[in-house]
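Numbering (mature numbering (1 follows the signal peptide of the UniProt record, and there is no 0)), first residue to last: -26 to -1, 1 to 228.
1) Start and end of the beta strand (DSSP E) containing residue 83?
2) Use the C-beta contact count for residue 11: other C-beta atoms within 10 angstroms, 16 or more gives buried, fewer gives exposed.
3) At 3 residues or longer, what runs of the beta strand (DSSP E) sit wholly inside the segment 187 to 215?
4) Where does residue 22 fall in DSSP's three states?
5) Which complete alpha helix (DSSP H) runs does the segment 8 to 64 hold, if anything under 4 residues is left out?
6) Considering Cα atoms alone, identify which of 203, 174, 224, 162 is closest to residue 91.
7) Residues in its own chain within less than 6 Å of residue 180 by CB, not counting five upstream and five downstream?
8) Restricting to runs no shorter than 4 residues, where is the alpha helix (DSSP H) found entirely within the segment 108 to 138?
9) Just the Cα atoms here: how many angstroms apart are residue 199 and residue 153?
10) So, helix, strand or coil for residue 157, using DSSP?
11) Give me the residue from 186, 225, 146, 52 with the minimum Cα distance to residue 72.
12) With burial defined as no fewer than 16 other Cβ atoms inside 10 Å of the residue's Cβ, what is the status of residue 2: buried or exposed?
13) By a C-beta neighbour count over all protein chains shown, 10 Å radius and 16 as the cutoff for buried, is residue 224 buried or exposed?
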């Protein structure tokens, strides 16, 4: 009798192991639809060779999925549409260069931080002036990307001649190079990466500039989505502990 019971237990263990190895078992893992932008290199960008969204935050989402035993499907979304897509249920999370703010926290929930950075200022390559802070641009026409925290920052300061908005950092860099605006304010790591890889011509980062706003980049989920928030926070903790998050950050040079 005991021998039969032992045989049954062994058989059950073998079957359980086979189920774990079976690809069909992986299909049972939760799938999160991830919103990411096509123009936020190195955080997120469209790889024209593969027609897929790549970047640091895509790698982070994939690693979180591995650490948290869930799956992700990345969907291209414009930056200004990320939060509306999340709150309407079109996507389940945001993984992009989106900074945590008190205003955004009113409508969405942020995970533990993945990375911290501040704003940078783009000026014309021939501009010899120094801009240690935003006050140095008082009375000038400046630009920033639609939907970013920097628009709120610039408009609240209230001492610029005009604050123009753009769909992408590339668009505002073009206007700086052409002299249409004096400077562009945006995500420093993105602008630095583009200049380093010669994607932007005729512009440079203002040397010696000290950021006014230091923010945290996190995963973002719907307000009250405690299950996915906990899932992501647990995964982030594992990524920090095993060094995989640091490896991703170093890979993209941010």
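Think of the CB as a built atom: it goes at the ideal place given N, C-alpha and C, for glycine as much as any other residue.
From a predicted model like this one, the values you see are computed outputs, not experimental measurements.
Reading off the structure:
1) 82 to 84
2) buried
3) 188 to 191, 194 to 196
4) coil
5) 30 to 42, 56 to 61
6) 162
7) 95, 97, 105
8) 123 to 131
9) 45 Å
10) strand
11) 52
12) exposed
13) exposed
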